[in-house]
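Colleague:
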Amino acid sequence: MILDFQKKYNLLFLSLFILIFNSCATHREYKQAGKEVIRLHDGINRREALILADQFLQQEFIDEYDHFINPKIQSKMGSWRIEYDLTSRFPIETYHRVSLQVDKKSGQIFDLNIHKEFKSVK
Numbered sequence: 529m530i531l532d533f534q535k536k537y538n539l540l541f542l543s544l545f546i547l548i549f550n551s552c553a554t555h556r557e558y559k560q561a562g563k564e565v566i567r568l569h570d571g572i573n574r575r576e577a578l579i580l581a582d583q584f585l586q587q588e589f590i591d592e593y594d595h596f597i598n599p600k601i602q603s604k605m606g607s608w609r610i611e612y613d614l615t616s617r618f619p620i621e622t623y624h625r626v627s628l629q630v631d632k633k634s635g636q637i638f639d640l641n642i643h644k645e646f647k648s649v650k
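The sequence shown begins at 529 in the numbering used here and counts up one residue at a time.
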């Protein structure tokens, strides 16, 4: 009898906690990488910014580059600044550095810069 009361009390406490937590958090849903994701905060975090940048670069440069490597991410005023090294092996081995920024509120990508450096294949 006491054990049943304790289980009901724990279930009631858990339900109350979830209700309070859900009312305090800001929920926004969006599709990313083919999955439905629910964010419990306002804004884009580091991981989400990297995913958005990867998707953008793969769509924009799908035919030109083989690999997007060494992502470096920094927090700037209201945005994430991300730099990548891009490599291509055909017809000559090329290394490019790409930098872009992802807005923390909207997820918009802006300030795309490409710095080209060429190296020949040995």
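From the three backbone atoms N, C-alpha and C, an ideal C-beta is built for every residue, glycine too. All figures in this text were calculated on a predicted structure; none of them were measured in a lab.
Let me check understanding here. Comparing Cα to Cα, which of Ser634, Ser616, Glu588, Ile572 lies closest to His595?
Modeller: Ser616
Colleague: Does Lys644 pass the burial test, meaning 16 or more other C-beta atoms within 10 Å, or should it be called exposed?
Modeller: exposed
Colleague: Considering Cα atoms alone, identify which of Leu539, Asn538, Lys535, Gly571 is closest to Ser634.
Modeller: Gly571
Colleague: Let me check one thing: in DSSP terms, what residues is Arg574 bridge-paired to?
Modeller: According to DSSP, Arg574 bridges with nothing at all.
Colleague: Label Leu640 either buried or exposed according to how many other C-beta atoms from any shown protein chain fall within 10 Å of its C-beta, with 16 as the threshold for buried.
Modeller: exposed
Colleague: What does the Cβ neighbour count give for Lys632, buried or exposed, with the cut at 16 atoms within 10 Å?
Modeller: buried
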